[in-house]
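Contents: one structure, followed by commentary.
2 protein chains.
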Amino acid sequence: MRAKHITIKDLSRILNVSVSTISRAFNDKSDIRKETRKLVLQKAMELGYRPNPMARNLQKQISKNIGIIVPELIGSFFPLVISGMEEVFSMKGYQMLILSSYESFEKELERIKTLEDSMVDGIIISLSRETKNVDVLNQLIQTGIPLVTFNRTNPDIKAPRIIFDDYKWALLATEHLIIEGCNNIYHFALPFHLSISKRRIEGFKKAMTKYCKHCNDLQIIESGISLEDGRKTMQILIEQSIVPDGIFASSDRLAIGAIQVLKENGYKVPEDCRVMGFSESTLATIIEPQLSTVTQPTKEMGKKTAEMMIRLLESEVALEPETIKLNGKIKVRQSTRV
Amino acid sequence: MRAKHITIKDLSRILNVSVSTISRAFNDKSDIRKETRKLVLQKAMELGYRPNPMARNLQKQISKNIGIIVPELIGSFFPLVISGMEEVFSMKGYQMLILSSYESFEKELERIKTLEDSMVDGIIISLSRETKNVDVLNQLIQTGIPLVTFNRTNPDIKAPRIIFDDYKWALLATEHLIIEGCNNIYHFALPFHLSISKRRIEGFKKAMTKYCKHCNDLQIIESGISLEDGRKTMQILIEQSIVPDGIFASSDRLAIGAIQVLKENGYKVPEDCRVMGFSESTLATIIEPQLSTVTQPTKEMGKKTAEMMIRLLESEVALEPETIKLNGKIKVRQSTRV
DNA sequence: ATTTTTTTCGGAAACGTTACCGAAAATTGG
DNA sequence: CCAATTTTCGGTAACGTTTCCGAAAAAAAT
C-alpha cells in the first residue's frame, strides 16, 4: 500500500555505479570525482531519493534522537524551553522525543527507561518536584550516555546544568521590594529540596541581611508550585493575622495566588502589601494589579541546553560538567509600585 | 566510550541457540517451546538485553515515530493536546516527533519535509494560521502516509479530522448571552479562512436568527488570535462609539483583550457588556471578572487524534476519512452574569 | 515398527546503509 | 616509456533484527 521508496541500490543499478560510490557522493567523502558526485546527486534529486535514516543509524550505531523529560507540558515555561531546543536540534539534524514525568518520580524513572530502550543518543532532563534520589541519573552517565540537566537540577548529578542565576536575581528581586519600602517581607518558596528553591532562598536571605532587615526562618514558607499552593500559604498567614508588607514569591503562580487571597480579604496590592513574582509567565499581565516579576530568557535556556548536548555528543573525550548560569531582568509592574 | 550493547547474537552464542529462536522468543511466535522461551527471556533479562529498535525498524520498514506539527508550543492548548496524545502513543510503543510551524505556512512545509525525510509512520497536523493551500497535504496522502488533522483543519484535506463541535457550542455560547439579556452582540472571530472560524461564525449567526436578534456582518469581526488582537478590535469599536452589550469571542485570549480595553475605558463587565470566551485556558480564572467560556476536552482531543492515527496505522485497507466532533461544556463565570 | 503429521529449531537471506580493503585507472616522476 | 604514486572506484562485510524455508526431532497415526 505504501509507495515504495527508492534506495541506494536502485540508484546503483540505474546509474551503473557501485553502491559505495553513491554513498560516497552523499557523504562528502574525498575519494570521488566531482563529476560523478554531481551526476549521482542530480539523478538522486530527479528520482526523489532520500537516504533511509533507519539504515544509516543502524550502521552508524546512533539514533539521532534526543530524549527530553520535563515535569509538565502545561504552563508556558517548559514548552518555551523546548521550543528553543527545537531550533538548534532541527538545525543539527537531531530529533526530540519529548516525555512528561507529570511531576512524579515514579513516572520519571519509567520515562528514563523508555528512552534507554529507544536508544536515544542523549538525555535532557528537568527534575520532577518529587525527585530527591538521583542515583539512576548517575548510573546513566556511567553507561556513557550524555546527560544534560536544566532548570530543575541537583548538585549531586555529575552532568552539566543550565540554570538561571537564581541566587543573584532572587537577591535583586528582594532588594527591589526593600527599596520600594518594604520591611516585613515573606518569601513563598518552592519545595525546599529543589536546588532551584535553595538558591533563591539564599538570595532572599542575603538581601535581607544586607539591608539589616529582620529575617528569620518563619518568613520563608515552603509553599509548593501551583496557584492553589500560593492561595493556601496566604490564607494560612492571614488566619494567623500576619500580613506582610512585601511578598517575594518563587513563581508567578504562587504570587498570583497570594494576590487573589489578599484582595479577597480586603487588602490592597501594592498599597498594603507589595508582591513580586519570579519567572515571567503570560499570567503576569492578566492579573490585576499586573505582576512585577523576574523575567528569564526561557527560550535561550532551551538553546543553551541543546547546544551543550551537541557539544557532549560531538566531543570525543569526557567533558568536565559545566554549569551555565543565565541572567534575567527585573520587570517592574503595578504590584510593587504605588 | 559508550558501553557496548548486548545483541541477539551474543545471546545466541551464550545460550547455544540460533538467533532466530531468540527472535521468536521475543516476538511471541508460536513455533517455539515454552521452556526455551522462558530460558531465553530469563537470560536476556539477566544480561540486560534490549532489542535494538533501529535494527528492528529497518527490517520491518517502519520507524515507530509519529510526526506532529502544531502552530505553536506556547499557550496551554497544544501542549495539553500533545499530552493527551502521549498517553496513547507511549502505550502503543510509538514516539512523537513534535515540531512547531510557528504559525507560518513556509515553516509548515519545511517541517513536513523534515518528517518525510525522517520517515515517520504517520503525520498529525493542526494547520498554521497562514495555511490556505493544502495541496502538499493531499499529495502526502497520495504517497500513502497516514495523515490525521485536528482542531485547525480544512475540509479540502482528504483525511480524518478531530474537531470540537464548534457550530453547536458557538450556538450555545451565543444563546447563553442572549438568555442573559444581551441584544446587541458582537462576535470576535478568528481569521476567516480557518474552518474552525467559519463553523463558529455559523453557530453565532444561527443563535442570533433563532432568537430574532439583529445580526448583520458588521457584527462579526475578523480579529486574529492573540490577546493583542482582541484589544485592537475592541479599541476600534470604542473609537467608533460602538459598545455592544455582549461579546462572544472565539478564543479566551481575544475575550481577555476585549475585557481589558472595556475596563480601561470605564465600562463595566458584565454590567455594561457581557463577555464570553471560547476554549478554556488557565487565563480565564485570573482575569477580573473571571471569564465565562466554553471548555473543551483538550486532552481528550489529543487522545482521540492519536487513537485515530493508530487505527489508520493498523488497518490494511484505506479508511474513509472520518470526522469526529467532540463536545464541550459551558462554564459560566462572572463575565456574563451579574 | 513404519509412516505421517506436528512441533521446534537452525541457516541464510533480507532490510538500506557505511566502512574497509583492495584493484583499476589516472597521474606523476625519473 | 616504465615504475611509483595518487586518485577513483567496486566488492563485500558489517550493523542487529525478522522472516522464510527446510530439516530435525517429537508426537501421532497406521
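Each protein sequence line maps, in turn, to chains A and B.
Per this note's numbering, residue 6 is the first one in the first sequence, and the count goes up by one each step.
Per this note's numbering, residue 6 is the first one in the second sequence, and the count goes up by one each step.
No residue lacks a Cβ here, since even glycine has one placed at the ideal position from N, Cα and C.
Remember, predicted model here, so these are calculated numbers, not experimental data.
(message) Does chain A have any CB closer than 7 Å to the CB of B:Asn62?
(response) The residue labelled residue 62 of chain B in the question sits at position 57 within the second sequence. Taking Cβ atoms only, chain A reaches closer than 7 Å to B:Asn62, which makes this a yes.
(message) Contact defined as beta carbons within less than 8 Å: I believe B:Val248 pairs with B:Ser297. What is the distance between those atoms, to the nearest angstrom?
(response) Numbered from 1 along the second sequence, position 243 holds the residue referred to as residue 248 of chain B. Numbered from 1 along the second sequence, position 292 holds the residue referred to as residue 297 of chain B. Between B:Ser297 and B:Val248 the Cβ distance is about 19 Å, and since that is not below 8 Å, they are no contact.
(message) Under 8 Å: do the segment 67–82 of chain A and the segment 137–144 of chain A share three or more Cβ pairs, one atom per stretch?
(response) no
(request) Anything in chain A within Cβ reach of B:Thr136, meaning under 7 Å, just list it in chain order. (result) Numbered from 1 along the second sequence, position 131 holds the residue referred to as residue 136 of chain B. The premise fails here: B:Thr136 is roughly 19 Å from chain A at the closest Cβ pair, so nothing lies under 7 Å.
(message) Nearest by alpha-carbon distance to A:Leu16: which of A:Glu51, A:Asn32 and A:Pro84 is it?
(response) Looking up residue 16 of chain A in the first sequence gives position 11. Nearest option by C-alpha distance: A:Glu51.
(request) State the DSSP-derived secondary structure class of B:His181, mapped to helix, strand or coil. (result) The sequence position of residue 181 of chain B within the second sequence is 176, counting from 1. Of the three classes helix, strand and coil, the one that applies to B:His181 here is helix, per DSSP.
(request) Check the Cβ of B:Ser68 against every Cβ in chain A and list those closer than 9 Å, keeping chain order. (result) Residue 68 of chain B sits at position 63 when you count from the first residue of the second sequence. Correct list: Pro58 and Met59.
(request) Check whether the segment 177–185 of chain B touches the segment 148–161 of chain B, counting contact only when three or more Cβ pairs, one atom from each stretch, lie closer than 8 Å. (result) no
(message) Check whether the segment 282–297 of chain A and the segment 308–323 of chain A are in contact - that is, three or more C-beta pairs closer than 8 Å.
(response) Judged by pairs of C-beta atoms under 8 Å, the segment 282–297 of chain A does not touch the segment 308–323 of chain A, as fewer than three such pairs exist.
(request) Say whether chain A places a C-beta atom closer than 7 Å to the C-beta of B:Ser131. (result) Residue mapping note: residue 131 of chain B aligns to position 126 of the second sequence, counting from 1. So, not an interface residue.
(request) For B:Arg55, return the contacting residues in chain A, with the cut-off set at a CB-CB distance below 7 Å. (result) Against the second sequence, residue 55 of chain B aligns to sequence position 50. Going along chain A in sequence order, the residues near B:Arg55 (Cβ under 7 Å) are Asp122.
(request) Spatial neighbours of B:Gly235 within its chain, please: CB distance less than 7 Å, with the 5 preceding and 5 following residues excluded, ordered by chain position. (result) Counting from 1 along the second sequence, the entry for residue 235 of chain B is found at position 230. So the list reads Phe193, Ser228, Ala254, Arg258, Leu259, Ala260, Ile261, Gly262 and Ala263, once near-sequence residues are dropped.
(message) Please classify A:Gln265 as buried or exposed, where buried requires at least 16 other C-beta atoms within 10 Å of its C-beta.
(response) Taking the first residue of the first sequence as position 1, residue 265 of chain A is located at position 260. A:Gln265 comes out buried.
(request) Using a Cβ cut-off of 8 Å, pull out every chain B residue sitting near A:Thr154, in sequence order please. (result) Along the first sequence, read from residue 1 onward, the residue named residue 154 of chain A stands at position 149. Against chain B, a Cβ distance below 8 Å from A:Thr154 picks out nothing, because the smallest value is about 20 Å.
(request) Can you check DSSP and say which residues form a bridge with A:Ile103? (result) Numbered from its first residue, the first sequence carries residue 103 of chain A at position 98. BP columns for A:Ile103 point to A:Ile73.
(request) Return the first residue and the last residue of the beta strand (DSSP E) that B:Thr328 is part of. (result) In the second sequence, the residue the question calls residue 328 of chain B occupies position 323. It spans Thr328 to Leu331 - the beta strand (DSSP E) in which B:Thr328 sits, taken as one unbroken run.
(request) Take A:Asp171 as the anchor and find which of A:Gln240, A:Ile128, A:Met59 and A:Ile335 has the nearest alpha-carbon. (result) The sequence position of residue 171 of chain A within the first sequence is 166, counting from 1. Out of A:Gln240, A:Ile128, A:Met59 and A:Ile335, A:Ile335 has the C-alpha closest to the C-alpha of A:Asp171.
(request) Can you tell me which of B:Gln224, B:Thr179, B:Tyr216 and B:Lys137 puts its alpha carbon nearest to the alpha carbon of B:His198? (result) Looking up residue 198 of chain B in the second sequence gives position 193. Nearest of B:Gln224, B:Thr179, B:Tyr216 and B:Lys137 to B:His198, Cα basis: B:Lys137.
(request) Could you please give me the residues that DSSP links to B:His192 through a beta bridge? (result) What you label residue 192 of chain B is simply residue 187 of the second sequence in a count that begins at 1. Looking at the DSSP assignment, B:His192 forms a beta bridge with B:Ile225 and B:Phe253.
(message) Would you say B:His233 lies against chain A (beta-carbon separation less than 7 Å)?
(response) Translated into positions along the second sequence, residue 233 of chain B becomes position 228. It should be noted that the sequence gives Glu, not His, for residue 233 of chain B. No, because no Cβ of chain A sits closer than 7 Å to the Cβ of B:Glu233.
(request) Could you list which residues in chain A have their beta carbon closer than 7 Å to that of B:Ser106, in chain order? (result) As a working note, residue 106 of chain B is residue 101 in the second sequence. Neighbours of B:Ser106 on chain A: none; closest Cβ ~11 Å, over 7 Å.
(message) I'd like to know if B:Ile79 contacts chain A, where contact means its C-beta is closer than 7 Å to some C-beta of that chain.
(response) Locating residue 79 of chain B in the second sequence gives position 74, counting from the first residue. Interface residue, yes.
(message) Give the list of continuous beta strand (DSSP E) stretches no shorter than 3 residues that lie fully inside the segment 249–300 of chain B.
(response) 251–254, 279–281 and 298–300
(request) Compile a chain-ordered list of the residues in the segment 276–293 of chain A whose CB is closer than 8 Å to at least one CB of chain B. (result) Thr287, Leu288, Ile291, Ile292 and Glu293
(request) Quick one: list the residues of chain A neighbouring B:Thr119, beta-carbon separation under 8 Å, in chain order. (result) In the second sequence, residue 119 of chain B corresponds to position 114, counting from 1. Chain A residues near B:Thr119: Ser95.
(message) Given a cut-off of 7 Å on the beta-carbon distance, is the pair A:Leu132 and A:Arg157 in contact?
(response) In the first sequence, residue 132 of chain A corresponds to position 127, counting from 1. In the first sequence, residue 157 of chain A corresponds to position 152, counting from 1. Yes; because the gap between Cβ atoms is below 7 Å, this pair is in contact.
(request) Quick one: list the residues of chain B neighbouring A:Ile225, beta-carbon separation under 8 Å, in chain order. (result) The count along the first sequence starts at 1 and reaches residue 225 of chain A at position 220. The contacting residues do not exist; A:Ile225 stays about 26 Å from chain B at best.
(message) Out of B:Val299, B:Leu44 and B:Ile74, which one is the CA nearest neighbour of B:Phe169?
(response) As a working note, residue 169 of chain B is residue 164 in the second sequence. Ranking B:Val299, B:Leu44 and B:Ile74 by Cα distance to B:Phe169 puts B:Val299 first.
(message) Suppose you measure from the CA of A:Gln100 to the CA of B:Met101; what does that come to, to the nearest Å?
(response) Locating residue 100 of chain A in the first sequence gives position 95, counting from the first residue. Locating residue 101 of chain B in the second sequence gives position 96, counting from the first residue. Going from the Cα of A:Gln100 to the Cα of B:Met101 covers about 10 Å.
(request) Using a cut-off of 8 Å between C-beta atoms, extract the partners of B:Gln339 located in chain A. (result) Reading the second sequence from its first residue, position 334 is the one you call residue 339 of chain B. The contacting residues do not exist; B:Gln339 stays about 13 Å from chain A at best.
(request) Can you tell me which of B:Ala212, B:Ile291, B:Ser256 and B:Asp250 puts its alpha carbon nearest to the alpha carbon of B:Val274? (result) On the second sequence, residue 274 of chain B is found 269 positions in, with the first residue counted as 1. Checked all of B:Ala212, B:Ile291, B:Ser256 and B:Asp250; the closest Cα to B:Val274 is B:Asp250.
(message) Would A:Leu242 and A:Gly208 be called neighbours here (beta carbons separated by less than 7 Å)?
(response) Within the first sequence, the letter at position 237 stands for residue 242 of chain A. Within the first sequence, the letter at position 203 stands for residue 208 of chain A. For A:Leu242 and A:Gly208, no; Cβs fall outside 7 Å.
(message) Is there a Cβ of chain A sitting closer than 7 Å to that of B:Gln144, yes or no?
(response) Counting from 1 along the second sequence, the entry for residue 144 of chain B is found at position 139. Chain A, which has no Cβ nearer than 7 Å to the Cβ of B:Gln144, makes this no.
(request) Note down the Cα distance separating B:Pro58 from A:Ser200, rounded to an integer number of angstroms. (result) Translated into positions along the second sequence, residue 58 of chain B becomes position 53. Translated into positions along the first sequence, residue 200 of chain A becomes position 195. Cα to Cα, the separation comes out at about 36 Å.
(request) For B:Cys217, count neighbouring C-beta atoms within 10 Å of its own C-beta (all shown protein chains included) and say buried if the count is 16 or more, exposed if not. (result) Locating residue 217 of chain B in the second sequence gives position 212, where the first residue counts as 1. Its Cβ having fewer than 16 others within 10 Å, B:Cys217 is exposed.
(message) Considering only their Cβ atoms, is the gap separating A:Thr303 from A:Leu85 smaller than 7 Å?
(response) Working through the first sequence from its first residue, we reach residue 85 of chain A at position 80. Working through the first sequence from its first residue, we reach residue 303 of chain A at position 298. Closer than 7 Å, so yes.
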